[in-house]
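Undergrad: Add 13 to a position in the sequence shown, counting from 1, and you land on the number used in our numbering. Below is a structure I'd like to ask you about.
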Amino acid sequence: MIGPQDPGDRMKIEAVKLKKFRNFDDLTISSFSDGINIFYGPNGSGKTNILEAISLSSLGKSCRAAQDSEMVKFGSDVAIVEIEGTVEKKK
């Protein structure tokens, strides 16, 4: 799991990599800005699935699924979620 250690620390996500996670076969997002990032697209395109993967990595559990198997793409045995980031310590 990743995440700030102290309440004042900030975490910056630098990349999200998903394999066989929900509706994604293989997705890499590595173009996050320093400010606010917005995911947009048509319904069912996977916006919430990306947020769920980030939540899973930072909290250790899904914000949606009751069981881990619900997050594995249909027909696959395993899903992989990788989040790369840095933590800025509170000054």
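For every residue, glycine included, the Cβ atom is placed at its ideal position computed from N, Cα and C.
Kindly give me the distance between the Cβ atoms of residue 11 and residue 96, rounded to whole angstroms, as I take these residues to be in contact under 8 Å.
TA: Because the chain here runs from 14 to 104, residue 11 falls outside it and cannot be looked at.
Undergrad: Which of helix, strand or coil does DSSP assign to residue 104?
TA: Coil, per DSSP.
Undergrad: What would DSSP say about residue 39, mapped onto helix, strand or coil?
TA: strand
Undergrad: Take the Cβ of residue 63 as the centre, count every other Cβ of all protein chains shown within 10 Å, and call the residue buried at 16 or more, exposed below.
TA: Buried: at least 16 other Cβ atoms inside 10 Å.
Undergrad: Can you tell me whether residue 52 is buried or exposed? The criterion is at least 16 other CB atoms within 10 Å of its CB, across all chains shown.
TA: exposed
Undergrad: Can you have a look at residue 65 and say buried or exposed, based on whether 16 or more other CB atoms are within 10 angstroms of its CB?
TA: buried
Undergrad: Take residue 37 and list the residues in its own chain whose beta-carbon comes closer than 8 Å to its own, dropping the five residues that flank it on each side.
TA: The beta carbon of residue 37 sits closer than 8 Å to the beta carbons of 31, 59, 62 and 86 from its chain, once the five residues preceding and following it are set aside; these are given in chain order.
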